[in-house]
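**Student:** Protein chains in written order, with the numbering used here: chain A, 99 to 177; chain B, 99 to 177; chain C, 49 to 190; chain D, 49 to 190. Here a beta-carbon is modelled for each residue, glycine too, at the ideal position from N, C-alpha and C.
1. Among residues of its own chain, excluding the 5 on either side of residue 155(C), which ones have a beta-carbon nearer than 6 Å to its beta-carbon?
2. Using alpha carbons as the reference points, say which of 143(B), 103(B), 114(B) and 126(B) lies closest to residue 78(B).
3. Is the region 143-159 of chain A close to the region 138-147 of chain B, with three or more CB pairs under 8 Å?
4. Alpha carbon to alpha carbon, how far is residue 182(D) from residue 174(A)?
5. Give me the chain C residues within the contact set of residue 41(B), using Cβ-Cβ distance strictly less than 9 Å, ordered along the chain.
6. Among 71(C), 80(C), 75(C) and 113(C), which one has its Cα closest to the Cα of residue 59(C)?
7. What is the DSSP secondary structure of residue 153(D), counted as helix, strand or coil?
8. Does any residue of chain D have a CB that is nearer than 9 Å to the CB of residue 189(C)?
9. Would you kindly check if the distance between the Cβ of residue 136(C) and the Cβ of residue 83(C) is under 9 Å?
10. Residue 136(D) touches chain A at which residues, Cβ-Cβ below 8 Å?
11. Would you mind listing the alpha helix (DSSP H) stretches within the region 113-146 of chain B that are 4+ residues and don't spill past its ends, in chain order?
12. Three-state secondary structure (DSSP) at residue 68(C)?
13. Any C-beta of chain B sitting closer than 9 Å to the C-beta of residue 148(C)?
14. Please classify residue 146(A) as buried or exposed, where buried requires at least 16 other C-beta atoms within 10 Å of its C-beta.
15. Where in the region 60-106 of chain D do unbroken runs of the alpha helix (DSSP H), each at least 4 residues long, occur, reported from the N-terminal end onward?
16. At 9 Å on the CB atoms, spell out the chain D contacts of residue 174(C), in chain order.
17. Have a look at residue 179(A) and residue 87(D) and give me their C-alpha separation to the nearest angstrom.
18. What's the C-alpha gap between residue 102(A) and residue 131(A)?
19. To the nearest angstrom, how far is the alpha carbon of residue 99(C) from that of residue 139(C)?
20. State the Cα-Cα distance for the pair residue 119(A) and residue 56(D), rounded to the nearest angstrom.
21. For residue 126(D) versus residue 52(D), is the C-beta distance shorter than 9 Å?
22. Which chain C residues sit within Cβ distance under 8 Å of residue 145(B)?
23. Can you give me, in chain order, the residues of the region 145-171 of chain C that have a beta carbon less than 8 Å from any beta carbon in chain B?
24. Quick one, are the C-beta atoms of residue 141(C) and residue 64(C) less than 9 Å apart?
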């Protein structure tokens, strides 16, 4: 199954892309998917990361589905 | 000795004037001067009044001097 | 720079807030008081504000000085309008800039409370069938 | 009416505050966040704000709903600007109208705190000799 992963600000700079597509095994847990992403781009681990699934903050327990939109970003700094 | 007495808002409506001149005996205490003013215009007593001497809230203990500016007004309602 | 003014001109709250911006602050808190249409269910047609102007300016000056003593703020701007105000028009603007926004919120709330208690300005509410000079809380000020 | 928006246009805080005015309220509290020139002694040339826009709008919607649940307020307006902002330009405006001003102060302060914690927007500070994406407090959000 295929999902898109979005990056913003500092994480987009690390990856050099704002969006990538990744393949995961079916019924992957969100926490596993995010671990895989961080392993793939180890420089992400230099940051405190937040994760979202389909535009909602992720607990990690979500089951990732084909076509889902994941996002990986640093603690927000708007305002 | 002569002082001016200013009225604003509700007290100006009661008096029908915004400023009057009054004669007081020398060395009058402010509290006595204000009592005299209220006695002269008894309808003022229908209001909670505040008093000022020379543009400062009066404690009543001030000694009124010739040419002083007294003021009688209701609790403020700006904002 | 802190400032306090009384004017009969309409108030531009954005412009007033801008004037208190210092280089080392990142937030301004602004209180914008305006003429409400309904007070206790009664419809107001317009308001008239009147001041004992020289004393009001002295009291505003004291307020600004006390705010600087009591709160860690950088700049304060207070502008009060006088004369006839229509529904929805701004009667008073208080803007406070501070390095930490907590102090700006606290100081702004304190300033409007104190202004309503101490600054000799009065409001007349005019209705279709009458008018009344609003008298403040009697506990206000000895 | 409450509203929340994200825009790349300059913000007019007076105009935003005006949009939250209801007929039975007499005070609006507005928080105006802007680009400070110096942060910890270092001079900023300009800022760039970026958002995860659809998620940011969802989080703003939740914030406004929670504010209405937790505080006795009438209307809330939040507008956040994105893109390049020069020194002194306003990045965010939060205006709250309430029948009693206490609630407006409380809600406005709570809203900016929560916005900075939950809404996916990031700020890049650009200096003469470099730039950095500011990362929020790590305790922010699980």
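**Tutor:** Based on what the coordinates show:
1. Its chain contains 115, 119, 121 and 144 as the residues whose beta carbon lies nearer than 6 Å to that of residue 155(C), once the 5 sequence neighbours on both sides are disregarded; these appear in chain order.
2. Any question about residue 78(B) goes unanswered here, given that chain B covers just 99 to 177.
3. Per the Cβ contact rule, the region 143-159 of chain A is not in contact with the region 138-147 of chain B (fewer than 3 Cβ pairs under 8 Å).
4. Looking at the two C-alpha atoms, the distance is approximately 8 Å.
5. Here chain B covers residues 99 to 177 and nothing more, so residue 41(B) does not appear.
6. Ranking the options by Cα distance to residue 59(C), first place goes to 80(C).
7. Residue 153(D): helix per DSSP, three-state reduction.
8. Interpretation of residue 189(C) is limited by its pLDDT of 47, a score under 50 that renders its predicted location unreliable; no figure is taken from the coordinates.
9. Taking 9 Å as the Cβ cut-off, residue 83(C) and residue 136(C) qualify as a contacting pair.
10. Contact annotation for residue 136(D) against chain A: no contact, minimum CB-CB distance about 16 Å [criterion: below 8 Å].
11. Counting whole runs of 4 or more residues, the region 113-146 of chain B contains the alpha helix (DSSP H) stretches 128-138.
12. Correct three-state label for residue 68(C): coil.
13. So, not an interface residue.
14. Sixteen is the threshold: since fewer than 16 other Cβ atoms of the shown chains lie within 10 Å of the Cβ of residue 146(A), the residue is exposed.
15. List check, alpha helix (DSSP H) in window: 61-67.
16. Neighbours of residue 174(C) on chain D: none; closest Cβ ~16 Å, over 9 Å.
17. The structure shown has nothing for residue 179(A), since chain A only spans 99 to 177.
18. Each residue's alpha carbon lies about 11 Å from the other.
19. Their backbone Cα atoms lie some 12 Å apart in a straight line.
20. When only Cα atoms are considered, residue 119(A) and residue 56(D) end up about 28 Å apart.
21. In this structure, residue 52(D) lies closer than 9 Å to residue 126(D) by Cβ.
22. For residue 145(B), the chain C residues whose Cβ falls inside 8 Å of its Cβ are 183, in order along the chain.
23. Residues of the region 145-171 of chain C with a C-beta atom less than 8 Å from some C-beta of chain B are 160, 163, 164, 165, 166, 167, 168, 169, 170 and 171, listed in chain order.
24. The Cβ atoms of residue 141(C) and residue 64(C) sit closer than 9 Å to each other.
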